[in-house]
Amino acid sequence: MENEVREFIQTNYILTDDHAELGADQSLMDLGVIDSTGVFALIDFIEETYGITIDDDEILPDNLDSISRICAFVQRKKA
Amino acid sequence: MCGIAGIYSRGTTAVSRELLLEMGGEIQHRGPDGVGLYLDELFGMVNTRLSIVDLAGGDQPLANEDRRFWVMQNGEIYNSPELQAELEELGHCFATRCDTEVLVHAYEEWGCDSLNRLNGAFAFAIWDRQKKELFLARDRLGIRPLFIAQYGQDLVFASECKSILRHPQAVRKIDPVGLHETFSLWGMAPEQTSFPGIRELSPGHFMRVDASGIVEETCWWDLCFAGATDGRQESEEDLADELRDILYSSTRLRLRADVPVAVYLSGGLDSSLTAAMVRQVSDTPLHSFAVSFADPLFDERIYQEQMARELNTDLQSVNIHGPEIAQVFPEVVWLSEKPLLRTAPAPLLLLSRAVRSKGYKVVLTGEGADEVLAGYNIFREAKVRRFWARQPESELRPLLLRRLYPYLAQNLGRAEAFTRAFFRKKLTDVGDPLYSHQIRFQNSGRMQQLLRRSLRDDLAGMTSPQERLLQRLPQGFNDFTPLGKAQYLEIKTFLQGYLLHSQGDRMLMGNSVEGRFPFLDYRVAEFAARLPDRLRIRGLNEKYLLRKAAAPLLPKNIATREKRPYRAPILKAFVGPNAPEYVHDLLSPGSIDQAGLFDVQVTAALVKKCVNNLEKGVSETDEMALVSVISTMLLSQLFVSRPKHCSPARACKIVIGNRQVLPE
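Residue numbers (our numbering), protein chains in the order written: chain F, 1 to 79; chain S, 1001 to 1664.
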């Protein structure tokens, strides 16, 4: 899953600092991966790929601001 | 309005007449009505004239009585009749009633102080034959361009870089520093251009050059947003009346011409007010021109038509479907000589073409109101962030952001936490001089990732665009009001570094049309800068006092209409099925690699993303990145790898030394 998420980010958020070094725990907002609108593309991807629905009050940096947080969040939701 | 170019040769070789005419040929679009040439043993200059005042007598160069001072001008001095009368009182004899002649007599009388008496949009060169001194000056807000380069013993100047690039010692290369600044600041900081070795004479500056080189370069005017320091206690109503009076006067001055004048109508407050004022102060038939879009997302036709009906003016629209943007884009880049972030200049080039084909040479527009009277969202955003920063933990304060960005209002319910986090970056750094613009700078700074690794490494070792901007802030900037700081930065970066060039002067002059901007009269700017912040933006109501001043002249729905940014289609124009072949070629990995400016892989990923999301759309930054790559690649092609050369100009008025000779 981590690789899928990373690949999505790399193909969709192009203008970021070094892709190769995109660490699992790095803040996507700090890297400029996610701006105020970009988060919706990410939500779209997660909902479509993992067949879950994300509630509005779950759209939080705690759940989505790094690759590892995204993976953990999706796993919690699917469990 | 014209083009000028010249060379002060401090070496042993005389200035080449052929080179001057080649330089003139490059800017002939700026002035198709006649070419003038001045030449003596040290100095030469060329002028391509667009005749607007004193059509018969105004061919340049013009001189004072004893032919010591010779002048060439690009632009217009709107208050020249008053200055001419004053100078005649002082004993000066005029050969013409052309505004350009006023410059030499005023310079003879008052020296560089004469600049403070001029109300106009100008860039000019005065050659003092006696002292062998060249005087170059540029208008207060930088409406007319002027570029400078020093090649060996030659000091070269011109209205456009393409003239200077004809000099045999010019370096045909794209300056990565210019790209860096554009991709960070949304425009180049003062002085910077796209080409190494060529710089701009900054707005509001003059320069003196003698046989030893540049001996003086001085800022003769700048805006000071120190707030209401003069203790004036007028009521809002009185101030609104005063603003309206200044605008009437400024509009009246800009209607002075010996040719008919038209207006642009965008449908927004500023151009509507400009048109309404023209209607009030002039009884000649009024013609208006507008851009409309097939895509309703960009279109403002209903407001344009409403205003046209209201003012009883006939409206001619240029309707933009999309493909014509990409078709005309190479010409847009050739004219603007800068990387572009948006496609919005393209429809304006098509618009000025329509103006010219209807026989008009002059248009009045609403340019500048958003900068001097505070209409942009970036000012409101900074205000909300400062308000929020006083209570960083407040849940309610950031909700004001919804008022600014409609997409937030639609989506905020979903991603409130992310939006807050985004606008929260450096929230409490309110002492940072660039505070108002940091969100923009950070966001657009991501575009630097497009640049080739080796360039990025070089740039990393240099002063950053933000630092360069900081170094050029005036003394006293820290005492400006918060809104004043934001406006000053916007004027220095986006207005002077981008809009006035790429969307204003260049797109108008590309079709030999002179733009006149009543809101950029220095009296309007100085008046606005002295107002307390709350009269420019009240709460979150932008251009508060202007709206009050405009209310008696405009229908209510136009006077209260929120600012809507002027944008044009990007994605479908360049990567859709109807995109022209040249875009495909420019964006191919081979071309990108050969130009040596962009990272091949990152660019390929960007293009792929744009193609894959043609219907869904991509983010604003991605769209800007795409336009940046295409425009920079065109710039590199048109000026570096396959330079486009115009044929040399043919002079119809020639002055050698101090006497006029017949053209060959």
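Backbone N, C-alpha and C fix where the C-beta goes; we use that ideal spot for every residue, glycine too.
**Request:** Work out the CA separation of Asn1079/S and Phe1206/S for me, nearest whole Å.
**Result:** 20 Å
**Message:** With a threshold of 7 Å on Cβ separation, who are the neighbours of Asp1386/S within its own chain once the five nearest residues in sequence on each side are excluded?
**Reply:** Rather than Asp, the amino acid found at residue 1386/S in this sequence is Arg. Cβ neighbours of Arg1386/S beyond the five flanking positions: Val1430 and Pro1482.
**Request:** Mind listing, in chain order, the continuous beta strand (DSSP E) runs of no fewer than 3 residues lying wholly within the region 1222-1288 of chain S?
**Result:** 1261-1264
**Request:** Would you give the residue range spanned by the beta strand (DSSP E) that Ile43/F belongs to?
**Result:** Segment Gly38 to Tyr50 is the alpha helix (DSSP H) holding Ile43/F; no beta strand (DSSP E) there.
**Prompt:** From Asn12/F to Asn1613/S, what does the alpha carbon distance come to, in whole angstroms?
**Reply:** 10 Å
**Beta-ladder partner(s) of Phe1043/S, from DSSP** = Tyr1008/S
**Prompt:** Measuring CB to CB, does Lys1338/S end up less than 7 Å from Ser1502/S?
**Reply:** yes
**Request:** List the residues that DSSP assigns as beta-bridge partners of Phe1157/S.
**Result:** Gly1006/S and Ile1148/S
**Option in Leu1401/S, Thr1013/S, Val1355/S and Thr1182/S with minimal Cα separation from Arg1342/S** = Thr1182/S
**Cross-chain neighbours of Thr11/F in chain S, by beta carbon under 7 Å** = Ala1605 and Lys1609
**Asked** What does Ile1656/S pair with, by DSSP beta-bridge criteria?
**Response** Leu1039/S and Arg1659/S
**Message:** Taking the straight line between their C-alpha atoms, what separation do you get for Leu15/F and Arg1453/S?
**Reply:** 13 Å
**Item:** Neighbour list for Gly32/F in chain S, Cβ cutoff strictly below 9 Å
**Value:** Gln1442, Asn1443, Gly1445, Arg1446, Gln1449 and Thr1621
**Asked** Of the residues Ala1121/S, His1092/S and Thr1096/S, which one's Cα is nearest the Cα of Tyr1107/S?
**Response** His1092/S
**Prompt:** Pick from Pro1569/S, Leu1083/S, Arg1353/S and Arg1129/S: whose alpha carbon is nearest that of Ile1320/S?
**Reply:** Pro1569/S
**Asked** Contact check, Ser1194/S vs Leu1635/S under 8 Å by CB: the rounded distance?
**Response** 6 Å
**Prompt:** Any idea if Leu1645/S is buried or exposed, counting beta-carbon neighbours within 10 angstroms, 16 or more meaning buried?
**Reply:** The question names Leu, yet the displayed sequence has His at residue 1645/S. It is exposed - the Cβ of His1645/S has fewer than 16 other Cβ atoms within 10 Å.
**Request:** Using 10 angstroms around the beta-carbon of Arg1547/S, count the other beta-carbons present and answer buried if the total reaches 16, otherwise exposed.
**Result:** buried
**CB of Ala1549/S within 7 Å of CB of Ala1056/S, strictly** = no
**Message:** Considering only their Cβ atoms, is the gap separating Ser1163/S from Ala1014/S smaller than 7 Å?
**Reply:** no
**Prompt:** Using Cβ-Cβ distances below 7 Å, what residues of the region 50-70 of chain F are close to chain S?
**Reply:** Asp56, Ile59, Leu60 and Pro61
**Request:** Taking only the alpha-carbon atoms, compute the straight-line gap between Leu1597/S and Pro1518/S and give it to the nearest angstrom.
**Result:** 39 Å
**Request:** Determine the chain S residues that contact Gly38/F at a beta-carbon separation under 8 Å, and present them in chain order.
**Result:** Ser1619
**Prompt:** So what does DSSP say about Ala1123/S, is it helix, strand or coil?
**Reply:** strand
**Request:** Throw me the rounded Cβ distance for the Val1281/S and Tyr1248/S pair, which I believe falls under 8 Å.
**Result:** 6 Å
**Request:** For Met29/F, go through chain S and note every residue whose CB falls closer than 9 Å to its CB, in chain order.
**Result:** Phe1418, Ala1421, Phe1422 and Lys1425
**Asked** Can you give the Cα-Cα distance for Leu1020/S and Pro1061/S, rounded to whole angstroms?
**Response** 14 Å
**Item:** In DSSP terms, what Arg1049/S is bridged to
**Value:** Cys1002/S
**Asked** From Leu1340/S to Gln1449/S, what does the alpha carbon distance come to, in whole angstroms?
**Response** 17 Å
**Request:** Measuring only between beta-carbons, confirm whether Ala1382/S sits less than 7 Å from chain F.
**Result:** no
**Message:** Distance cutoff 7 Å, beta carbons only. Does Ala1389/S sit that close to anything in chain F?
**Reply:** no
**Prompt:** What's the gap between the Cα of Val1524/S and the Cα of Leu1201/S?
**Reply:** 23 Å
**Asked** Relative to chain C, which residues along the region 1569-1583 of chain S have a C-beta separation below 8 Å, given in chain order?
**Response** Protein chains in the displayed structure are F and S, and chain C is not among them.
**Asked** To the nearest angstrom, how far is it from the Cα of Ala1262/S to the Cα of Glu1526/S?
**Response** 26 Å
**Spatially closest choice to Val1372/S from Ile1325/S, Ile1558/S and Cys1224/S, by CA coordinates** = Cys1224/S
**Request:** Closer than 9 Å by beta-carbon distance: list the chain F residues that pair up with Val1627/S, in chain order.
**Result:** Residues of chain F passing the Cβ test: none, with the nearest at roughly 13 Å.
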